[in-house]
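Participant:
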Amino acid sequence: MRDEPTRRAPRAFHVDGNRIVEDEAPREEPGHAQTSHARRRVAAEIVPEPALPEEEILPAPMPKRRATHWGRWLAVGLGGLISLAVGLAVDNLIRDLFTRTDWLGWTGIALAALAVLAVLAIILREIAGLSRLKQIDRLRQKFAAAAEADDRKTAGAALKELTALYPARPETARGRSAMTAHTREIIDGRDLVILTERELLSPLDAQARNLVGNASKRVSVVTAISPRAIVDLLVVGIENLQLIRALSQLYGGRPGTLGIFRLVRHVFAHLAVTGGMAAGDSLLQQVLGQGLAARVSARLGEGVINGLLTARIGAAAIDVCRPVPFIGTQAPRVTDFVSSLRKAADTVEEKEVRTD
Amino acid sequence: MQPDRGVIRPLIKLTSIADGTLNAFDNIVDGAQALAMPNLRLGVTGLSRAGKTVFITALVHNLVHGGRLPLFQIAAEGRIARAFLQPQPDDTVPRFDYEAHVNTLLDERIWPQSTRQVSELRLTVEYESATFMKIMLGRGTLNLDIVDYPGEWLLDLPLLNKNFRTWSREALALASEPARKGLAAPWLDALAKTDPQTEADETQARDLAARFTAYLGACRDDDYALSLLPPGRFLMPGDMEGSPALTFCPLDLADGTSAKRGSLAAMMERRFEAYKKHVVRPFFREHFARLDRQIVLVDALSALNAGPAAVRDLEAALAGILSCFRPGRNSWLSHILVHRIDRILFAATKADHLHHTDHDRLEAILAKLVEKAVARAEFAGAEVEVSALAAIRATREAQVREAGVTLPTILGTPLPGERLEAETYDGNSEIALFPGDLPDDPAAIYEPAQGPAPDLRFIRFRPPKLERTAEGLTLSLPHIRLDRALQFLVGDKLA
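Chains as they are written, first to last, in my numbering: chain A, 32 to 387; chain B, 36 to 530.
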């Protein structure tokens with residue numbers, strides 16, 4: 032429609048409410064039969080604004096094909112063997128049960144069926160979770176492309192999809208209704224993305240910051256007072272996994288076990304990518320960490336550093352889980368969480384002094 | 036004297052040194068006042084009918100009544116505590132009659148009459164600041180000073196750096212262009228019969244001036260929509276009608292001759308200089324020399340309606356006017372001594388008169404029209420944005436399908452007397468209009484229409500009918516990108 036070689040001539044139609052009505056005074060145009068005009072005019076009708084067509088949306092960049100991984104084939108092979116072994120064992124078990132008494136055998140079959148059902152359900156959930164994560168990734172790319180090209184259509188379609196992600200989230204209700212009102216007006220693509228961030232995602236962003244702040248505080252306090260290094264390690268690992276899962280759920284993801292793996296991989300990839308850009312940030316982190324470490328006891332310093340690590344992972348996880356890239360708003364940085372960490376460290380120190 | 040043909044020098048060199056000193060003095064006074072109460076002078080610049088009055092009215096209405104401004108950050112975040120009109124600082128200038136304009140727009144559904152006088156308003160915005168420093172200082176206040184004036188007067192600014200001889204030559208050259216020749220004929224005939232060196236005669240001068248004025252007025256008609264028509268007071272005399280300073284016209288002066296004392300030429304020249312001194316220079320000094328931000332409203336659609344001659348004319352007029360302003364980045368010192376305009380928004384107004392799918396092209400066309408001014412401002416370090424906007428959105432959008440072809444149309448009520456082909460509208464019936472496709476290549480606007488019928492036909496629509504809520508509250512004025520314009524123009528001052 033856009034790239035027609037000839038430009039279309041101006042045209043006007045009489046309108047009554049939402050209906051085209053026939054012209055009272057037919058236009059005189061030499062060389063054209065009056066009847067054909069009248070027929071054409073009656074044939075004209077107002078159609079609703081076209082729904083945003085999917086195929087006109089900018090394609091997301093294709094991921095690169097990766098080389099064949101022999102490790103993956105190894106895993107497939109071994110996994111297959113193990114499954115076969117398990118199947119065989121179950122089969123043998125049930126046969127054994129049947130040889131003893133029938134009812135034991137039937138019970139075994141029922142239990143096995145239950146297990147199979149559960150496995151199927153888990154697989155389905157995992158698949159759904161993974162596809163939801165992929166959808167969020169795709170949404171982020173769409174929003175980024177829309178903002179880049181200032182493309183209203185792409186932004187509108189992505190917004191629709193995003194609103195569909197949060198139908199049952201009371202904290203986004205206000206934002207959703209505001210965005211529905213905005214889409215009725217003429218707003219450019221990039222502006223629409225910025226508005227989406229501001230109206231729809233800002234309550235979620237605030238919660239996300241809270242989650243990251245609390246997790247990093249917990250990590251720093253626990254590592255500061257825990258007696259064994261292995262406990263530190265466990266706490267940091269578990270806290271971070273929980274944080275990533277919570278953030279993903281907050282932004283509309285439903286990660287299962289595989290989903291978490293995928294997310295963790297993304298977070299670490301993201302950390303590796305942004306590591307260079309956040310050099311200044313990490314420098315500050317070092318200085319602050321050192322300063323704090325020198326100021327408080329060595330253990331407390333360690334706690335703060337662990338807390339900062341968690342904050343950093345949390346910030347990366349927000350970037351990975353958020354369905355809209357940070358365009359109009361500031362992405363959370365590690366420095367945002369420093370002051371709360373410092374407060375946590377101070378309270379721990381005070382308590383230690385008191386107990387000593 | 037070397038005529039500066041084509042090149043219009045920045046006005047700073049041409050306003051007299053006395054003016055410069057006065058400006059600097061004013062700026063220092065302003066600076067001192069700004070410490071206590073920050074204010075921002077927003078220059079709403081635009082030729083007549085570009086929509087200055089409507090823009091100002093919509094701006095004030097939306098701020099005062101908390102209109103829908105999702106992209107104006109401070110409003111979207113709900114940080115505007117109060118916005119209200121204050122008595123403006125200049126006691127001698129009439130107040131912008133905001134209430135009357137709102138009434139005509141909302142109740143009578145007609146656009147405000149063309150402005151005849153300078154008027155001014157001060158809008159005070161009290162807001163909650165979001166930056167740490169300002170929070171400590173308490174609630175922020177910003178005074179927004181806006182001046183409304185007849186757009187015709189803006190055409191006078193380029194006269195400041197022309198003398199009578201240069202201006203006469205240019206005006207005569209312009210009048211003999213094909214688009215204007217017919218309109219200028221009565222005046223040119225009278226001029227041909229006049230010898231500039233005869234003794235000055237008031238009757239003759241008045242006759243020539245009247246014919247010249249009639250020619251300028253005729254050029255402005257919708258069918259021609261020409262823009263470059265100085266001097267502006269001839270079209271909109273304000274309170275100076277009939278005074279000697281408005282009774283002159285360009286003369287056909289032979290090169291190298293000097294006007295004899297007491298001759299018609301000498302009288303005209305003296306009056307031209309008086310016009311510059313008593314009319315143009317004070318107007319510039321009082322209202323334009325000290326702007327902080329500027330929005331240039333351009334009605335590209337009516338020029339496109341009238342064809343390539345009008346488009347070229349509009350381009351020339353804009354170039355002349357914009358060369359009078361001083362864009363650039365402000366340092367704290369330059370802020371006090373010479374004000375520079377650090378943000379300029381070029382806005383193609385009446386964007387509601389075409390479908391939003393064409394807005395990008397309209398922006399491209401405007402960017403083409405003001406290409407040089409944009410380059411100059413960017414070079415000087417000012418921030419520039421080009422945007423298609425409608426301060427008040429008068430239409431809705433709809434798709435009309437006819438014989439398998441879907442046309443993106445706009446729905447609205449045309450002004451009475453507007454016509455498309457053989458049909459004239461009465462101002463009551465609603466139509467769906469497809470105004471034609473804007474060209475993909477903005478340069479195509481300089482070429483005449485391809486077919487027998489014009490490629491484009493924009494029709495002016497009446498202001499929108501606003502529904503009132505059950506409580507009797509008027510809903511906010513609809514607009515297109517007004518919030519974005521506000522964010523660009525004043526957003527940073529309300530951080």
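Even for Gly, the Cβ is constructed at its ideal location relative to N, Cα and C.
What residues in the segment 252-280 of chain B bring their beta carbon closer than 7 Å to a beta carbon of chain A?
Facilitator: Those residues of the segment 252-280 of chain B that come within reach of chain A (Cβ to Cβ, closer than 7 Å) do not exist; the list is empty.
Participant: Consult DSSP for Y390/A and reduce its assignment to one of helix, strand or coil.
Facilitator: Past the edges of chain A, shown from 32 to 387, lies residue 390/A, and the structure says nothing about it.
Participant: Under a CB-based cut-off of 8 Å, is H391/B close to chain A?
Facilitator: It does: the Cβ of H391/B has a partner Cβ on chain A nearer than 8 Å.
Participant: Touch check for the segment 199-215 of chain A and the segment 225-232 of chain A: three-plus C-beta pairs under 8 Å?
Facilitator: A contact exists between the segment 199-215 of chain A and the segment 225-232 of chain A.
Participant: Which residues in the same chain as A110/B place their Cβ atom closer than 6 Å to its Cβ, once the five residues preceding and following it in sequence are excluded?
Facilitator: If we look at A110/B and ignore the five residues flanking it on each side, its Cβ neighbours are L104.
Participant: Given this structure, state the Cα-to-Cα distance separating I91/B from H394/B, to the nearest angstrom.
Facilitator: When rounded, the distance between both Cα atoms is 22 Å.
Participant: Please confirm whether T161/A and T203/A have their CB atoms less than 8 Å apart.
Facilitator: In the sequence as displayed, the identity of residue 161/A is Leu instead of Thr. Not in contact: L161/A and T203/A (Cβ atoms no closer than 8 Å).
Participant: Using Cβ-Cβ distances below 9 Å, what residues of the segment 213-237 of chain A are close to chain E?
Facilitator: Considering every chain present, this structure includes no chain E. Its protein chains are A and B.
Participant: Under a three-way DSSP split, which group does F368/A fall into?
Facilitator: Here F368/A sits in helix by DSSP.
Participant: Per the contact definition of three or more C-beta pairs closer than 8 Å, is the segment 75-94 of chain B in contact with the segment 128-141 of chain B?
Facilitator: Yes, the segment 128-141 of chain B touches the segment 75-94 of chain B.
Participant: Using DSSP's beta-bridge definition, name the partner residues of V421/B.
Facilitator: V421/B pairs with F381/B.
Participant: If contact means a Cβ-Cβ distance below 9 Å, which residues of the segment 461-475 of chain B contact chain A?
Facilitator: So the close ones are S464, E465, I466, A467, L468, F469, P470, G471, D472, L473, P474, D475.
Participant: Taking the beta carbon of M271/B as the centre, do at least 16 other beta carbons fall within 10 Å, making it buried, or is it exposed?
Facilitator: Under this definition M271/B is a buried residue.
Participant: Could you please give the first and the last residue of the uninterrupted alpha helix (DSSP H) stretch that includes R169/A?
Facilitator: It spans 133-180 - the alpha helix (DSSP H) in which R169/A sits, taken as one unbroken run.
Participant: In chain A, what lies closer than 8 Å to L336/B by C-beta?
Facilitator: Those do not exist, as L336/B stays about 12 Å from chain A at its closest Cβ, beyond 8 Å.
Participant: Taking only beta-carbon atoms, is H297/A less than 8 Å away from chain B?
Facilitator: Not an interface residue.
Participant: Identify which residue in F283/B, V333/B, R328/B has its Cα closest to the Cα of A309/B.
Facilitator: Minimum Cα distance to A309/B is reached at F283/B.
Participant: Got a sec, what are the start and stop residues for the beta strand (DSSP E) P443/B sits in?
Facilitator: Run containing P443/B: 440-447, per the beta strand (DSSP E) assignment.
Participant: Tell me, please, which residues DSSP counts as bridged to L177/B.
Facilitator: Partner(s): V160/B.
Participant: Taking all protein chains shown into account, decide if W222/B is buried (16 or more other Cβ within 10 angstroms of its Cβ) or exposed.
Facilitator: When all chains shown are included, W222/B counts as buried.
Participant: From P286/A to D350/A, what distance separates their C-alpha atoms?
Facilitator: Distance between the alpha carbons of P286/A and D350/A: 16 Å.
Participant: Which word fits Q522/B, buried or exposed, when buried means at least 16 other C-beta atoms lie within 10 angstroms of its C-beta?
Facilitator: It counts as buried.
Participant: Note down, in chain order, all residues in the segment 95-108 of chain B with a beta-carbon under 7 Å from any beta-carbon belonging to chain A.
Facilitator: Those residues of the segment 95-108 of chain B that come within reach of chain A (Cβ to Cβ, closer than 7 Å) are P105, L106.
Participant: Output the distance between the C-alpha atoms of L97/B and R293/A, rounded to the nearest integer angstrom.
Facilitator: First, the residue type needs correcting, since residue 97/B is Asn and not Leu in the sequence shown. One C-alpha to the other measures close to 48 Å.
Participant: For Y282/A, count neighbouring Cβ atoms within 10 angstroms of its own Cβ and tell me buried if that reaches 16, exposed if not.
Facilitator: Per the 10 Å Cβ criterion, buried.
Participant: Leaving aside the five residues before and after L170/A along the sequence, list all residues of the same chain whose C-beta is less than 7 Å from its C-beta, in chain order.
Facilitator: Correct list, in chain order: A189, E192, L193, P354.
Participant: Mind listing the chain A neighbours of A111/B? Cutoff is C-beta to C-beta under 7 Å, in chain order.
Facilitator: Those are R229, listed as they occur along chain A.
Participant: With 8 Å as the threshold, decide whether the Cβ of L491/B is near any Cβ in chain A.
Facilitator: Closer than 8 Å: yes.
Participant: Among the residues of its own chain, which have a CB less than 8 Å from the CB of A520/B, if the five just before and after it don't count?
Facilitator: Hits under 8 Å: I330, L380, A382, S422, L424.
Participant: Suppose only complete runs of 4+ residues qualify. What are the alpha helix (DSSP H) ranges in the segment 311-366 of chain B, listed by chain order?
Facilitator: Entirely contained in the segment 311-366 of chain B, the alpha helix (DSSP H) runs reaching 4 residues are, in chain order, 316-322, 335-341, 343-357.
Participant: For the alpha helix (DSSP H) containing H96/B, name the first residue and the last one.
Facilitator: Per DSSP, H96/B belongs to the alpha helix (DSSP H) from 87-99.
Participant: By DSSP, does Q434/B sit in helix, in strand, or in coil?
Facilitator: The answer is strand: DSSP assigns Q434/B an E or B state.
Participant: Whole-angstrom Cβ separation of R378/B and R411/B, contact assumed at under 8 Å?
Facilitator: The pair is not a contact, with the Cβ atoms about 14 Å apart (cut-off 8 Å).
Participant: Taking a Cβ distance cut-off of 8 Å, strictly less, list which residues of the segment 510-528 of chain B are near chain A, in chain order.
Facilitator: Residues passing the 8 Å Cβ filter: P513, I515, R516, R519.
Participant: Between the Cα of I400/B and those of R347/B, D132/B, F319/B, spot the shortest distance and give me the residue it belongs to.
Facilitator: I400/B has its Cα closest to that of R347/B, out of R347/B, D132/B, F319/B.
Participant: Quick check on the DSSP output: the alpha helix (DSSP H) that includes G78/B runs from which residue to which?
Facilitator: Unbroken run through G78/B is the beta strand (DSSP E), 74-81; no alpha helix (DSSP H).
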